[in-house]
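>
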Amino acid sequence: MTLITLDPTNPAPGDDAPFTMAARPATLAGQTLGIVANGLGRSELMFDALGEQLTKWDELAGTVKVVKPSVAVPPWPDQWEAITTQATVAVTGFGGCGSCSTRSMRDALDLEAAGIPAVCIVHEALVPAVEALCRLLGADGYPFVVCGYPLNPTGMWDEDEAAALATQVLDGVRQRLTV
Amino acid sequence: MTLTSPEVRSEGWLEAVETYIENGWTDGLPVIPPTPEAVSAMLAAAGVDGTEVLGEIPTRSLTVSAEKVAINSVMAGCLPEYSPVVVAAVRALLQPLANAHSTTATLAGAAHAVVVNGPIRNVIGVECGQACLGPGFRANATIGRAVRLVIRNVFRTVPGVLDRASFSWPLRYSFCFGENEEHSDWTPLHVLEGYEPDDDVVTVMSVMRFLTATEFEPEAEAVLATIADTARLQGLMLDSFVGEARGMMVILGPEHQRRLVDEGWTKESVRESLWERMTRPTVGRHDNEVVLASPDNVLVCCAGGPGLAQSQLIMPHLAAPAHERIVVP
Chain B
1 MTLITLDPTN PAPGDDAPFT MAARPATLAG QTLGIVANGL GRSELMFDAL
51 GEQLTKWDEL AGTVKVVKPS VAVPPWPDQW EAITTQATVA VTGFGGCGSC
101 STRSMRDALD LEAAGIPAVC IVHEALVPAV EALCRLLGAD GYPFVVCGYP
151 LNPTGMWDED EAAALATQVL DGVRQRLTV
Chain Z
180 MTLTSPEVRS EGWLEAVETY IENGWTDGLP VIPPTPEAVS AMLAAAGVDG
230 TEVLGEIPTR SLTVSAEKVA INSVMAGCLP EYSPVVVAAV RALLQPLANA
280 HSTTATLAGA AHAVVVNGPI RNVIGVECGQ ACLGPGFRAN ATIGRAVRLV
330 IRNVFRTVPG VLDRASFSWP LRYSFCFGEN EEHSDWTPLH VLEGYEPDDD
380 VVTVMSVMRF LTATEFEPEA EAVLATIADT ARLQGLMLDS FVGEARGMMV
430 ILGPEHQRRL VDEGWTKESV RESLWERMTR PTVGRHDNEV VLASPDNVLV
480 CCAGGPGLAQ SQLIMPHLAA PAHERIVVP
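Chains as they are written, first to last, in this note's numbering: chain B, 1 to 179; chain Z, 180 to 508.
1) What residues of chain Z sit near Leu3 of chain B, judged by a beta carbon separation below 8 angstroms?
2) Hey, is Val73 of chain B's beta-carbon within less than 9 angstroms of any beta-carbon in chain Z?
3) What did DSSP end up calling Met387 of chain Z once you bin it into helix, strand or coil?
4) Using a C-beta cutoff of 9 angstroms, does Trp348 of chain Z count as contacting chain B?
5) Return yes when the Cβ of Thr9 of chain B is within less than 9 angstroms of the Cβ of Leu33 of chain B, no when it is not.
6) State the Cα-Cα distance for the pair Gln436 of chain Z and Thr445 of chain Z, rounded to the nearest angstrom.
7) Using the C-alpha atoms, what's the distance from Ile236 of chain Z back to Ala164 of chain B?
8) If you drop the 5 nearest sequence neighbours on each side, which residues of the same chain put their C-beta closer than 8 angstroms to that of Arg270 of chain Z?
9) According to DSSP, what are the bridge partners of Val232 of chain Z?
10) For the alpha helix (DSSP H) that contains Lys56 of chain B, what are its first and last residues?
11) Does the beta-carbon distance from Thr214 of chain Z to Cys257 of chain Z come in below 9 angstroms?
12) Under 9 angstroms Cβ-Cβ, which residues of chain Z neighbour Ser104 of chain B?
13) With DSSP run on the structure shown, which of helix, strand or coil describes Arg504 of chain Z?
14) Please tell me whether Arg106 of chain B and Thr238 of chain Z are closer than 9 angstroms, where the distance is taken between their beta carbons.
15) When the cut-off is 9 angstroms and only beta carbons count, does His465 of chain Z lie next to chain B?
16) Please state if the CB of Glu190 of chain Z and the CB of Leu3 of chain B are separated by a distance shorter than 9 angstroms.
17) In angstroms with no decimal places, state the Cα-to-Cα distance between Val266 of chain Z and Thr88 of chain B.
18) Would Pro69 of chain B pass as a contact of Asp418 of chain Z if the rule is Cβ separation under 9 angstroms?
19) Could you please tell me which residues of the stretch 116-134 of chain B, in chain order, have their CB closer than 8 angstroms to any CB of chain Z?
20) With a threshold of 6 angstroms on Cβ separation, who are the neighbours of Ala225 of chain Z within its own chain once the five nearest residues in sequence on each side are excluded?
21) What first and last residue would you give for the beta strand (DSSP E) that runs through Leu478 of chain Z?
22) What do you reckon, are the CB atoms on Glu358 of chain Z and Val302 of chain Z nearer than 9 angstroms?
23) Which partner residues of Ile35 of chain B appear in the DSSP bridge assignment?
24) Run through the DSSP bridge pairs and tell me what Gln436 of chain Z is partnered with.
25) Here's a check: name, in chain order, each residue in its chain whose Cβ is nearer than 6 angstroms to the Cβ of Gly96 of chain B, leaving out the five neighbours to either side.
26) If you run the structure through DSSP and keep just helix, strand and coil, what is Arg188 of chain Z?
27) Kindly identify the DSSP beta-bridge partner or partners of Leu3 of chain B.
28) Are the C-beta atoms of Asn152 of chain B and some chain Z residue less than 9 angstroms apart?
29) Would you mind reading off the limits of the alpha helix (DSSP H) that contains Met457 of chain Z?
30) Distance cutoff 9 angstroms, beta carbons only. Does Ala12 of chain B sit that close to anything in chain Z?
31) Go ahead and pull the three-state DSSP assignment for Ser419 of chain Z.
32) Which one of Z:Leu193, Z:Thr205, Z:Ala290, Z:Glu306 has the shortest CA to CA distance from Pro349 of chain Z?
Here it is, written out as structure tokens:
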């Protein structure tokens, strides 16, 4: 006898909301880099170093950084306003823990929706999570920058490690924020 | 009642159970196949329409409907009369400061405790006494399991995908119990939170760590010192998002409660004393200040059975305790 039961899962919201990326500039020269940091471990050191290197090598006009009130929540409204009114390109992260990686990816997607080219920096251990969030939100294939071991995912780095990571991700960030 | 979820067709009960397991829709254990009739009964018992939205997870752009919660409640093995508790627990979990995205996706594998207060405990049989945190009680087991299945299926928190728990935890199968309000004349948890004694209320706590405080000495002083010292071994995760709403829970066992009652302590004075002890500045390694804004942030709940002189401590993830009234139509 045929038994009829019901599907217990939620439909993916991305099915109804097509995703488009913001238009990229040709270069980072003259752009203002927004940094949406989640405060994971000592990852802020890496973002600071990244901002310094991009300013030096790519002639950024400047940077504006916010550190969110918790690792896996959106920025406060005033932080969001600071980023979206001042930044012309942005980086988010660090995607090194379970919920913060996906929230940082969501920050990047929200920035794209606001017309600001963005890229999320993610540790290789969390790639399945951010890819799943992108699929869920209809942004399958959205590019991000991956870094990996021997650096630990949770951002417990010293200053030298943070600076080295900034150098390691520099090209990837540059490529994903420009045409 | 009109239901909108896609239908699943199986040739009989056993095939349906296997289909749900194969589709990744269970916790690994068999479930009750959610027929439309059973789901409708679950919704009717909670007095909600299937289309009613119980809350959302903004990071995932997900809304949580009463219909999906009812489907998962049937799967968990709930009786319809448990449905109001599950609905309230899910509403609580979706309060902003309960931080559902963070607490369900974390590497730390946080669990969620569902604590029931009010007369409904005795109506539906929520166990509050001997062995109440473990298996053997249908209401406890299935209400807690329903919340977990909602997290998995409706919040889309699948292990290894959005759920990034490094180890996860047996407490994630099910974690529900009630407060033993009848054991003493102490003020029940929900009344201290501003509800009336006859209100039915659920409290949802994220569980980052679950610690046991064992103290056999007969003096209240020793009991309070041991509970505080146990909490201080680990401390709390801090952030400015939860801020002053941060709270931890002491599940006070009856042997400890008896010592305290005998010396004239009340739940209110216990909270004051524990808060003062837990928030003292650290004195070194393995001693952490438990940062809590006030004694009100020390939730004391009396449960468990006689015998071992223990209490249990729920140390939260990055989330505040969330209370929600249970509405029985």
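Note that the Cβ used here is the ideal one computed from N, Cα and C, for glycine as well.
Well, looking at it:
1) As a working note, residue 3 of chain B is residue 3 in the first sequence. Arg188, Ser189, Glu190, Gly191, Trp192, Glu194, Ala195, Pro212, Thr214, listed in chain order.
2) Stepping through the first sequence from its first residue, residue 73 of chain B is reached at position 73. So yes, Val73 of chain B belongs to the interface.
3) Here residue 387 of chain Z corresponds to residue number 208 of the second sequence, with the count starting at 1. Here Met387 of chain Z carries a coil assignment [DSSP, helix/strand/coil].
4) On the second sequence, residue 348 of chain Z is found 169 positions in, with the first residue counted as 1. Chain B, which has no Cβ nearer than 9 angstroms to the Cβ of Trp348 of chain Z, makes this no.
5) As a first step, residue 33 of chain B is located in the first sequence; it is residue number 33 there, counting from the start. As a first step, residue 9 of chain B is located in the first sequence; it is residue number 9 there, counting from the start. Taking 9 angstroms as the Cβ cut-off, Leu33 of chain B and Thr9 of chain B do not qualify as a contacting pair.
6) On the second sequence, position 257 is the one that residue 436 of chain Z refers to. On the second sequence, position 266 is the one that residue 445 of chain Z refers to. Their Cα atoms are separated by approximately 9 angstroms.
7) In the first sequence, counting from the first residue as 1, residue 164 of chain B sits at position 164. In the second sequence, counting from the first residue as 1, residue 236 of chain Z sits at position 57. The straight-line gap from Cα to Cα measures roughly 36 angstroms.
8) Start at 1 with the first residue of the second sequence, and residue 270 of chain Z comes out as number 91. Correct list, in chain order: Leu233, Gly234, Glu503.
9) Taking the second sequence and counting its residues from 1, one reaches residue 232 of chain Z at position 53. According to DSSP, Val232 of chain Z shares a beta bridge with Z:Ser244.
10) As a working note, residue 56 of chain B is residue 56 in the first sequence. Here the alpha helix (DSSP H) through Lys56 of chain B covers 43-58.
11) Taking the second sequence and counting its residues from 1, one reaches residue 214 of chain Z at position 35. Taking the second sequence and counting its residues from 1, one reaches residue 257 of chain Z at position 78. No, these two residues do not count as a Cβ contact at 9 angstroms.
12) Locating residue 104 of chain B in the first sequence gives position 104, counting from the first residue. Those do not exist, as Ser104 of chain B stays about 10 angstroms from chain Z at its closest Cβ, beyond 9 angstroms.
13) Residue 504 of chain Z sits at position 325 when you count from the first residue of the second sequence. Three-state DSSP puts Arg504 of chain Z in a strand.
14) Taking the first sequence and counting its residues from 1, one reaches residue 106 of chain B at position 106. Taking the second sequence and counting its residues from 1, one reaches residue 238 of chain Z at position 59. Arg106 of chain B places its beta carbon less than 9 angstroms from that of Thr238 of chain Z.
15) For the purposes of this step, residue 465 of chain Z is taken as residue 286 along the second sequence, with counting starting at 1. So no, His465 of chain Z is outside the interface.
16) By one-based count along the first sequence, residue 3 of chain B stands at place 3. By one-based count along the second sequence, residue 190 of chain Z stands at place 11. In contact: Leu3 of chain B and Glu190 of chain Z (Cβ atoms closer than 9 angstroms).
17) Working through the second sequence from its first residue, we reach residue 266 of chain Z at position 87. Working through the first sequence from its first residue, we reach residue 88 of chain B at position 88. Here the alpha carbons of Thr88 of chain B and Val266 of chain Z stand approximately 43 angstroms from one another.
18) Here the question's residue 69 of chain B lines up with position 69 in the first sequence. Here the question's residue 418 of chain Z lines up with position 239 in the second sequence. Result yes, Cβ atoms of Pro69 of chain B and Asp418 of chain Z sit closer than 9 angstroms.
19) Answer set for the stretch 116-134 of chain B: Leu126, Pro128, Ala129, Ala132, Leu133.
20) Taking the first residue of the second sequence as 1, we reach residue 225 of chain Z at position 46. Same-chain partners within the cutoff: Ser262, Pro263, Val266.
21) Along the second sequence, one-based indexing puts residue 478 of chain Z at 299. Unbroken beta strand (DSSP E) run through Leu478 of chain Z: 477-481.
22) Locating residue 358 of chain Z in the second sequence gives position 179, counting from the first residue. Locating residue 302 of chain Z in the second sequence gives position 123, counting from the first residue. The answer is no: Cβ separation not under 9 angstroms.
23) Position 35 of the first sequence, counted from the start, is the residue given in the question as residue 35 of chain B. Answer is B:Lys65, B:Val91, bridged to Ile35 of chain B.
24) What you label residue 436 of chain Z is simply residue 257 of the second sequence in a count that begins at 1. According to DSSP, which records beta bridges pairwise, Gln436 of chain Z is partnered with nothing at all.
25) Numbered from 1 along the first sequence, position 96 holds the residue referred to as residue 96 of chain B. Cβ neighbours of Gly96 of chain B within its own chain (closer than 6 angstroms, five residues either side excluded): Leu40, His123, Pro153, Thr154, Gly155.
26) As a first step, residue 188 of chain Z is located in the second sequence; it is residue number 9 there, counting from the start. Looking at Arg188 of chain Z - three-state DSSP - the assignment turns out to be strand.
27) The count along the first sequence starts at 1 and reaches residue 3 of chain B at position 3. According to DSSP, residue pairing for Leu3 of chain B in a beta bridge involves Z:Ser189.
28) Within the first sequence, residue 152 of chain B is the residue found at index 152, counting from 1. Judged by the 9 angstroms Cβ criterion, Asn152 of chain B is not in contact with chain Z.
29) Residue 457 of chain Z sits at position 278 when you count from the first residue of the second sequence. Start and end: 446-457.
30) The residue labelled residue 12 of chain B in the question sits at position 12 within the first sequence. Interface residue, yes.
31) Within the second sequence, residue 419 of chain Z is the residue found at index 240, counting from 1. DSSP, reduced to helix, strand and coil, places Ser419 of chain Z outside both helices and strands of the structure shown, so it counts as coil.
32) As a position in the second sequence, residue 349 of chain Z is number 170, starting the count at 1. The shortest C-alpha separation from Pro349 of chain Z is found at Z:Ala290.
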